[in-house]
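Read top to bottom, the protein sequences are chains L and H. Position in the first sequence counted from 1, then plus 132, gives you our numbering. Position in the second sequence counted from 1, then plus 132, gives you our numbering. Quick reminder that beta carbons are idealized off the backbone N, C-alpha and C, glycines included. Reviewing the structure listed below.
2 protein chains.
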Amino acid sequence: MRLSTTSYLVLGMVALRGPSTPYDLKRATSRSVGYFWNFPHTQLYSEPERLAASGMLAVDLEDSGRRRKTYSLTPEGRAALQEWLAAPTPEHFEMRDVAELKLFFNEAGAPDDDVPKLAQEQIRQHEERIAVYEDMVSRHGDEDWARPRMITLELGLEMEHAALRFWTALATGTIDDLRRERDERDPR
Amino acid sequence: MRLSTTSYLVLGMVALRGPSTPYDLKRATSRSVGYFWNFPHTQLYSEPERLAASGMLAVDLEDSGRRRKTYSLTPEGRAALQEWLAAPTPEHFEMRDVAELKLFFNEAGAPDDDVPKLAQEQIRQHEERIAVYEDMVSRHGDEDWARPRMITLELGLEMEHAALRFWTALATGTIDDLRRERDERDPR
DNA sequence: AAACGCACCGTACGTTTCGTATGGTGCGAG
DNA sequence: CTCGCACCATACGAAACGTACGGTGCGTTT
């Protein structure tokens, strides 16, 4: 049985939260890890089933109305998760950025310049996302249980600010400054 | 007929390159736009077929051995592409970062600390990618045809440096400095 | 206390994407 | 001339995706 990244996502979430229903997972991921690995909620119903079938999760079926399924980690599940966590990842992150695509193909566009509008919208997007992240920090930043999970927010914030700087520079025609400042900061 | 992002990718590539075979597209994307929107090469064989069926591309079938198909843009195809380019994107970029996942779930791992190795490997990844991007800049940076397409490289570089700063700070225990420096640079 | 409405929760199903694996093609070396 | 390897193309099964629908049960209204 081959485990995908989604599998480990589920195993990890159950490990952090304790026994969970798919709906619990859905809510928990959409507010945290979902920001850097998105997937449809249907996966959170089918994937635990697969994992239970291969002994990674134990399932407890509610017999009343909603017939909720509550999944918990088995020793095998925990072992698989820890093995995965212990191995560093040779993969580079993967991006999917429609705005960047549009910028790349810009020269094939109609004569009038579409870039300012594109940049403006991206600036909006990134500022909004930064606000969301900062809000999380200020609401949970000093709670002990949250601390270790907050660290990834810093990466998110670095990336958001990087993108924001780029689109802002593009909108104001100061791309050259961008490169110069980067060279000063992280000399090659 | 519904066009996906992949459709526009193909339309855009044919627009920039002129008439192209799927293999041409594959090679061209893998060295450029593939860095921020990856997809398997099989898509580059099936997608143009779809687009040709709906009149966005014209196909010219080689009758000799390899039976190459060369696709070129029709007026409808160009119109569709330009319409797409003219509309700013409401979407935020999407990330898929296995390393970030591992970091997030770290507390569920075995007692010994897996983070240093993880960080080290990511630093390697990002330095390597930066080298690739810088090489592109230095090889094509002063060619006129390449200039407009080089601009997205700057976004790539900003992102890479952001990630590199994060993992480096994580490895050296200077995450707090990271935040402080960011605040100085981009005051909230 | 019955009826209603809405937020909560779960799953079925058709479509698209993905990756792998396989097989043909033709140039250049020997 | 033929052999080998890089080039090129597609088939096919498996996974991921998104949407759309349908049930559940709590709180509110009458």
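Against chain L, the beta carbon of Q257(H) has neighbours under 7 Å at H224, listed in chain order. With contacts defined by Cβ atoms closer than 7 Å, L176(L) and L148(L) do not form a contacting pair. Shown here, A242(H) sits in coil according to DSSP, grouped into three states, outside any helix or strand. S270(H) and A185(L) have their C-alpha atoms spaced approximately 53 Å apart.
Interface flag for Q175(L) against chain H is unset, since no Cβ pair is found closer than 7 Å. Within the stretch 306-320 of chain L, those residues whose Cβ lies closer than 9 Å to any Cβ of chain H are, in chain order, I307, L310, R311, E313, R314, R317, D318, R320.
About 7 Å separates the beta carbons of P222(L) and E253(H), which is inside the 8 Å limit, making them a contact pair. Within the same chain, Cβ atoms closer than 8 Å to the Cβ of M145(H) are found at S152, L157, A160, T161, V165, the five residues on either side in sequence being excluded. A residue is called buried once 16 or more other Cβ atoms fall within 10 Å of its Cβ, and A301(L) is buried on that count. The bridge partners DSSP lists for W169(L) are R228(H). Interface with chain H (7 Å Cβ-Cβ cutoff): F168(L) is included. By the neighbour-count criterion, in which a residue is buried when 16 or more other Cβ atoms sit within 10 angstroms of its Cβ, R261(H) is buried. Separation of W277(L) and F237(L) (C-alpha to C-alpha, rounded to the nearest whole angstrom) is 45 Å. With a beta-carbon spacing of about 29 Å, A294(H) and A240(L) fall beyond the 8 Å limit used to define contacts. With fewer than three CB-CB distances shorter than 8 Å, the stretch 206-217 of chain H does not count as touching the stretch 212-228 of chain L. Within the stretch 143-167 of chain L, contact with chain H at the beta-carbon level (separation under 7 Å) is assigned to G144, A147, L148, V165. In this structure, Y203(L) places its C-beta atom within 7 Å of the C-beta atom of L189(L).
With respect to the C-alpha of N170(H), the residue from E215(L), T174(L), F225(L), W216(L) having the closest C-alpha is F225(L). D318(H) carries a coil assignment under DSSP once its states are collapsed to helix, strand and coil. Among the residues of chain H, those whose CB is under 7 Å from the CB of V230(L) are T137, T221, E223, following chain order. The DSSP-derived three-state label of A190(H) is strand. At least one beta carbon of chain L lies nearer than 7 Å to the beta carbon of T284(H).
In this structure, the alpha-carbon of L213(L) lies about 13 Å from that of D246(H). According to the DSSP secondary-structure assignment, Y203(H) is paired through a beta bridge with S152(H), V191(H).
A Cβ of chain H is located within less than 7 Å of the beta carbon of M291(L). For the pair E316(H) and D309(H), the Cα-to-Cα distance works out to about 11 Å. One thing to note: L217(L) has its Cβ no nearer than 7 Å to the Cβ of K234(L).
Annotation: T138(L) to E194(H) spans about 43 Å, alpha carbon to alpha carbon. Proximity of D267(L) to chain H, defined by a Cβ-Cβ separation below 7 Å, is not satisfied.
Between E313(H) and T284(L), the gap from beta carbon to beta carbon reaches 7 Å or more. Interface annotation, G241(L): in contact with chain H, CB-CB separation under 7 Å.
Taking a C-beta distance under 7 Å as the contact criterion, Y265(H) and L287(H) do not qualify as a contact pair. Close CB contacts of Y140(H) within its chain, under the 7 Å cut and outside five residues either way in sequence, are with L213, W216 (chain order). Taking C-alpha positions only, P319(L) is separated from R311(L) by approximately 11 Å. For M227(H), a Cβ of chain L is located within less than 7 Å of the residue's own Cβ. The alpha carbon of Q257(L) has as its nearest neighbour, out of M282(L), M291(L), L135(L), the alpha carbon of M291(L).
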